[in-house]
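Presented below is the structure to which this report refers.
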Amino acid sequence: MLPSDQPGEARAHGPILSEPGSLLEHVAVAVFGMDGEGRVCYWGPGAQGLFGHAAAEILTRPAALLFPPSGSDGDDPRSGPGPAARFAERGRALGYWRVRLPVLHRDGSVFDCGFRVFPVTGTAGGSVVMGLVSRSDELDRVKANLAFLDALFETCPIGLVMLDEDLRYVHVNQALADMDGIPAPDHLGRAATEIMITSDGGEFARMLRAVADGGTPLVDTLVGLRTPGHPDRDQVRSFSLFPLSRAVGTRSGVGGLVVDVTDRERALLEATAARRRLDLLDRAAARIGTTLDVDTTARELVDVAVPEFCDGSVVELVEWMDPTEAFDPRLPLFTRRIAARATLSRPAVEQLEGLERVKYPPGSSIHRMFATGRPICVPVDEDFTTRTIAHAERARVILDSGLVSILIAPLVARGTVQGIAMFGRSADRPAFTEQDLSLAGELASRAALCLDNARLYSQVQDIALTLQRALLPDALQPGPHLTVAHRYLPGSRVTEVGGDWYDVIGLPGDRVALVVGDVMGHGVPAAASMGRLRITAEALARHGPEPHDLLTELDLCARESGIELATCLYVAYDPHTGDARISAAGHPPLLVRHPDGTVDTLADAMGVPLGVGGVPFRTMRTHLPDGAVLALYTDGLIEARGRDIDTGLAALRAELGRAEGSLEEMADRILTAMLPAAPTDDTVLVLARIHGVTPPPNS
Numbered sequence: 000m001l002p003s004d005q006p007g008e009a010r011a012h013g014p015i016l017s018e019p020g021s022l023l024e025h026v027a028v029a030v031f032g033m034d035g036e037g038r039v040c041y042w043g044p045g046a047q048g049l050f051g052h053a054a055a056e057i058l059t060r061p062a063a064l065l066f067p068p069s070g071s072d073g074d075d076p077r078s079g080p081g082p083a084a085r086f087a088e089r090g091r092a093l094g095y096w097r098v099r100l101p102v103l104h105r106d107g108s109v110f111d112c113g114f115r116v117f118p119v120t121g122t123a124g125g126s127v128v129m130g131l132v133s134r135s136d137e138l139d140r141v142k143a144n145l146a147f148l149d150a151l152f153e154t155c156p157i158g159l160v161m162l163d164e165d166l167r168y169v170h171v172n173q174a175l176a177d178m179d180g181i182p183a184p185d186h187l188g189r190a191a192t193e194i195m196i197t198s199d200g201g202e203f204a205r206m207l208r209a210v211a212d213g214g215t216p217l218v219d220t221l222v223g224l225r226t227p228g229h230p231d232r233d234q235v236r237s238f239s240l241f242p243l244s245r246a247v248g249t250r251s252g253v254g255g256l257v258v259d260v261t262d263r264e265r266a267l268l269e270a271t272a273a274r275r276r277l278d279l280l281d282r283a284a285a286r287i288g289t290t291l292d293v294d295t296t297a298r299e300l301v302d303v304a305v306p307e308f309c310d311g312s313v314v315e316l317v318e319w320m321d322p323t324e325a326f327d328p329r330l331p332l333f334t335r336r337i338a339a340r341a342t343l344s345r346p347a348v349e350q351l352e353g354l355e356r357v358k359y360p361p362g363s364s365i366h367r368m369f370a371t372g373r374p375i376c377v378p379v380d381e382d383f384t385t386r387t388i389a390h391a392e393r394a395r396v397i398l399d400s401g402l403v404s405i406l407i408a409p410l411v412a413r414g415t416v417q418g419i420a421m422f423g424r425s426a427d428r429p430a431f432t433e434q435d436l437s438l439a440g441e442l443a444s445r446a447a448l449c450l451d452n453a454r455l456y457s458q459v460q461d462i463a464l465t466l467q468r469a470l471l472p473d474a475l476q477p478g479p480h481l482t483v484a485h486r487y488l489p490g491s492r493v494t495e496v497g498g499d500w501y502d503v504i505g506l507p508g509d510r511v512a513l514v515v516g517d518v519m520g521h522g523v524p525a526a527a528s529m530g531r532l533r534i535t536a537e538a539l540a541r542h543g544p545e546p547h548d549l550l551t552e553l554d555l556c557a558r559e560s561g562i563e564l565a566t567c568l569y570v571a572y573d574p575h576t577g578d579a580r581i582s583a584a585g586h587p588p589l590l591v592r593h594p595d596g597t598v599d600t601l602a603d604a605m606g607v608p609l610g611v612g613g614v615p616f617r618t619m620r621t622h623l624p625d626g627a628v629l630a631l632y633t634d635g636l637i638e639a640r641g642r643d644i645d646t647g648l649a650a651l652r653a654e655l656g657r658a659e660g661s662l663e664e665m666a667d668r669i670l671t672a673m674l675p676a677a678p679t680d681d682t683v684l685v686l687a688r689i690h691g692v693t694p695p696p697n698s
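Put into structure tokens, the structure is as follows:
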């Protein structure tokens, strides 16, 4: 708000100070105004403290009272033109004027001040010349302090840092930038813990926060760390930290002095390196082997190793020429590369990631490693490439990649050699140490065990799937009055093969039995239990019992065989009458699609699962019209993560109602619509279309 043309004073008479906590906080600023007649018309904050006059005794009086008489013209400061008049004229003429002038205190003393002078138009249209005044000696002191700080930040050999309240860089000097290996401008705005990376569980960050929150300053506190600019160099630094005072409109922070004492604190450095290796092993234990998939496990190993431990890594599985014989160093060795990662040049990365099958000639470093059975470290030179890399072009790419050493470790688990893991470092990193060889051996051992688990799991999966398919019917016999389409889809390799099964059994008199079941569990035991129930159901069905009697016998078989839980849906159909008898043991209900597209859910015959015992089963009867389509299925089709079984059943009813074409086309469309890309459970779907049915009596 502009001052008015009427004489007045500011509400506060104390000096205007700069923001507390800054270098200018003790510099008083006085504000006053002169009207067109050279009189004091505004006496603002700080004016009385600087000039000694109270507002009541100076307002409306000549501004010449504030200046000593001119030494050149001898003017009386109490009358006539003088410094005050020239002060006003220059301010109006220049619009903004910076100048140093002597001022006269009420007690008669004279001292120099710095002025900022500018004209202001008042509310009544008059022109007022405003002056902002500070003592010159105080301004000079502040300038000297600022010059000192600038020189300190530019030339000090000790690292200097300023962090804001969020512990982000505000200012660093060149000495600290050199320590970090990162240009000073690239620090600004980044979190301190993003540049100074520790492995102390967050203790360094908590220490910075405590100081920023106004805690006690820290002196000569030792911290082990690394920086992105020197990712392979462990450092020990001495920190002296202090809280920065809070300034108006800003937030507090931390100031500090940082000294690199790595050479002095070698023991702490070694402890930091050991802790970093343990941290890497801990992360490896958590990240390697998250799935029972060989390729995924290998990728997890190289992801753990690069870039923290090395610049490039590959994992290869060995293809023994004769698995019944021991390793023969006189024969070439063939491997299959299943994972690779590197932070090297593009040609080198393409070379590492592009190979699938690798041949190592006799006498290679790989042969030498297998001969010892322990990790070895070899330099990347002409001798290495000549002996180990069969192709000259690949050898040249590796020589030009920047790698200077490669650590080769065997992947051995349960006495079986799975393959090899290789870790390469460039000249920017220190050479591999004995501790690094031990670390690589640990990483390889953990990865090898996970790879072997994945391999064994795959074998069991293959066995279970083979058994499952062998126990399912090769060819169905629906008879002349049924057309059948059937699908069996095993779940993903993660969930193993389940105990789902189905059958279509031809019975005397053109009758047909349709059966679908599901044994709880996965793998070989579930597949074996499924086979037992399917064969028993087929044998019982040929004797023509009522469906509920057949399920009673299956329940007894399940309990005698130790099958804890299984479900089953049994449908006996007679084409001469068009009648169907249905019984279920804890299984999802039969769906019937009528020729007009409507779908019925036949759930009246629901009973308890097989293996429970003690509860009788029931049989329901229904007439099936010519052209009807029956849908028998297992819960894998309608139940999935994030979707309950009722929602899935409603979706299946909708898909069955709008499916058209042949049964094979209908089955494919239903499976595509209902199942995710990677189903988590086995799924069976059997569609049966009725034709040539005898109409019901009295129709």
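Be aware that the sequence shown starts at 0, since it is given in my numbering, and climbs by one per residue.
Every residue gets a Cβ at the ideal spot worked out from N, C-alpha and C, and that includes glycine.
Query: Local conformation of M195 per DSSP, three classes; Result: coil
Query: Residues near A602 in its chain [Cβ-Cβ closer than 7 Å; skip 5 each side]; Result: P588
Query: Same chain only: Cβ atoms within 6 Å of G254, ignoring 5 sequence neighbours per side; Result: M161, F241 and L243
Query: Given V313 as reference, the closest of A439, S582, V570 and R205 once Cα atoms are compared; Result: A439
Query: Proximity test, A420 beta-carbon vs the ligand MG heavy atom, cut-off 7 Å; Result: Because no ligand of any kind appears in the structure shown, any question about the ligand MG cannot be addressed here.
Query: Cα-Cα separation, M673 to A666; Result: 11 Å
Query: Same chain, Cβ closer than 6 Å to I504, neighbours up to 5 away in sequence not counted; Result: A512, E537 and A540
Query: C556 versus R373 - alpha carbon distance; Result: 55 Å
Query: As assigned by DSSP and simplified to three states, the class of A536; Result: helix
Query: Bridge-paired residues (DSSP) for S425; Result: L402
Query: Residue from R642, A627, G113 and I287 whose Cα sits closest to the Cα of W706; Result: Outside the shown range of the chain, which is 0 to 698, sits residue 706, and nothing can be said about it.
Query: Beta carbon of A627 nearer than 8 Å to that of H593; Result: yes
Query: Whole-angstrom distance between I637 and A443, CA atom to CA atom; Result: 43 Å
Query: Separation of M195 from Q47, as counted between CA atoms; Result: 51 Å
Query: Residues of its chain near V260, where Cβ-Cβ distance is below 8 Å and the 5 sequence neighbours each way are ignored; Result: L221, V235, R236 and S237
Query: C-beta contact flag for D166 and A211 at 8 Å; Result: Reading off the sequence, residue 166 comes out as Leu, not Asp. Result yes, Cβ atoms of L166 and A211 sit closer than 8 Å.
Query: Touch test, the segment 571-583 against the segment 641-648, Cβ-Cβ under 8 Å, three pairs minimum; Result: no
Query: Whole-angstrom distance between T566 and G498, CA atom to CA atom; Result: 10 Å
Query: Of the listed residues L291, T551 and R286, nearest to T618 (C-alpha basis); Result: T551
Query: Bridge partners - E318, DSSP secondary structure assignment; Result: F333
Query: Limits of the unbroken alpha helix (DSSP H) element including T385; Result: E381 to T387
Query: Close Cβ partners of T387 (< 7 Å) along its chain, the five nearest in sequence each way excluded; Result: Y359, S363, S364 and I365
Query: Cβ-based burial, P546 [other Cβ within 10 Å; buried from 16]; Result: buried
Query: N-terminal and C-terminal residue of the beta strand (DSSP E) that R97 is part of; Result: W96 to L103
Query: Contact set for A389: own chain, Cβ-Cβ below 7 Å, skip 5 residues either direction; Result: K358 and P360
Query: Helix, strand or coil at P587 [DSSP, three-state]; Result: coil
Query: Separation of D302 from T289, as counted between CA atoms; Result: 13 Å
Query: For C309, the residue or residues it bridges with in DSSP; Result: Paired residues: none, contrary to the question.
Query: Span of the beta strand (DSSP E), counted from its first residue to its last, around H170; Result: Y168 to V171
Query: Outcome for L553 when other beta-carbon atoms lying within 10 angstroms are tallied against a minimum of 16; Result: buried
Query: Residue range of the unbroken alpha helix (DSSP H) whose run includes F86; Result: P82 to L93
Query: L662 vs P608 beta-carbon contact at 8 Å; Result: no
Query: Local Cβ density within 10 Å of V305, reported as buried at 16 or more and exposed below that; Result: buried
Query: Exposure label - G613; buried when at least 16 CB within 10 Å; Result: exposed
Query: Residues that DSSP places opposite Q234 in a beta bridge; Result: L224
Query: Terminal residues of the alpha helix (DSSP H) in which A653 lies; Result: I644 to R657
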